[in-house]
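Please read the structure below before turning to the comments.
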Amino acid sequence: MLFWILVAILTAAVAAVLLLPLLRRPAAAAGDASHDVEVYRDQLEELKRDEATGLIAANEAELARAEVARRLIAASKAEAKEQAAPATRRNRLAQAFVIVILPLTGLCLYIANGRPDLPAQPLAERLANPGNDVNILIARAESHLARNPDDGAGWDLLAPIYYRNGRMEDAANAFSQAIRLLGPNQERLDGYAETLIAQANGIVTADARARLEQSLALQADNPRAKYYLALALEQDGRRTEARAAFEAMAKDAPADAPWLPLVNRHIAALAGGTETAPGGALGNPTAGDVAAAEEMSAGDRQQMIAGMVDSLAAKLADDPDNLEGWMRIIRSYVVLDQRPKAEAALQTALKTFPADSENGRQLVALARDLSISTGGGGQ
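Residue numbering for the sequence shown follows the numbering used here, starting at 1179 and increasing by one per position.
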């Protein structure tokens, strides 16, 4: 009932706004009768002048004035009818349209396309009966977990939903909470690893690799973990090992495995490749190299990483046109927490690849992702 009251109030308000201009008196319109009125008035003025100059006698002037006045009155009435009748007719039609036709049209459209029989559903009722509305399901789950943060089953249910909806940060947190509260299993570890990879724009990070290795230890024939671990080898530049891992997957895979074509594409891309230094031919330290270095002593770690970065810097000095090399060394400096050197490398790279070029835009985008100042070069 409240709905129909609101509809009536809104309809009345709209009708009032539309009727106000129609209720105002219309401006006078000029026509033939208006022209006659002007002629007769001029004739009266002319009679006055002729009488004053003696061109016409007073009694003759009076008779003529009476005749002209009679015609003037008749013309004035015709003028009034000419102005009022059409305008009034149009005005009344417009008022009838606003008062009757417009509300009836809206009502018919609502009855035909709306759901007047549907009961009101306040937010609390919709949350209680979400149906297939994913957003309401997520809102309900979030509300429940806010009150019960140690409900592992809730986190376990919500994590993949976050992932499918592109909320990677929330998905990573949910997977982490589910693993903490319920313990690791294949689905949680794989889901967590995939989320971390998605957050890193497709890079298999050291943390994601650790989760995948843990998942593979729980289930040795886990193709998802095997694929990402092989991909990590490929990203590290260990092409021979990556190819062997992909070939092993293809050999053990069923003929109708949905992921087999993807694995075969990697094998084809790696065919004919040779083993390279970790990080590629330029010797750039990857996330895996840095993770391994963390197991060393402080002195050995710094010596190893410094040597790799110095080697890359020397090669870039001889070959400054290598965009991939500049992007690698910038990432390396950020991983090593040497941001001033990363910014200096970025500025040097932008001299070779201006910010308004296609390669330069890639460098500026990388700087934005890593929160590195472009020093005005990206403006």
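All C-beta atoms in this analysis are idealised placements derived from N, C-alpha and C, irrespective of residue type, glycine included.
Around the C-beta of G1369, 16 or more other C-beta atoms lie within 10 Å, and the residue is accordingly described as buried. Within the same chain, Cβ atoms closer than 7 Å to the Cβ of I1277 are found at A1193, the five residues on either side in sequence being excluded. Ranked by Cα distance from K1404, the first of L1544, R1358 and Q1392 is Q1392. Residue burial annotation: V1487 is buried, with at least 16 other C-beta atoms found within 10 angstroms of its C-beta. Taken in chain order, the unbroken stretches of alpha helix (DSSP H) that lie wholly in the segment 1481-1539 and span 4 residues or more are 1501-1513 and 1517-1530. With 16 or more other Cβ atoms from the protein chains shown falling within 10 Å of its own Cβ, D1414 counts as buried.
The DSSP-derived three-state label of S1254 is helix. Annotation for Q1364: S1393, L1396, Q1397 and N1400 place their beta carbon closer than 7 Å to its own, counting only its chain and skipping 5 residues before and after. Q1377 has its alpha-carbon roughly 24 Å from the corresponding atom of R1417. For R1402, the closest of R1421, A1435, N1379 and A1384 by C-alpha to C-alpha distance is A1435. In the DSSP assignment, T1552 falls outside any alpha helix (DSSP H), carrying neither H nor E. Secondary structure at V1246: helix, using DSSP grouped into helix, strand and coil.
Across the set E1238, A1247, E1372 and A1239, the C-alpha of A1247 shows the shortest separation from the C-alpha of D1214. Cβ atoms of R1506 and L1490 come within 8 Å of each other, at about 7 Å. By the 16-neighbour rule on beta-carbons within 10 angstroms, I1187 is exposed. Distance between A1426 and R1539, taken at the CA atoms: about 39 Å.
When rounded, the separation of the alpha-carbon atoms in Y1288 and Y1341 is 38 Å.
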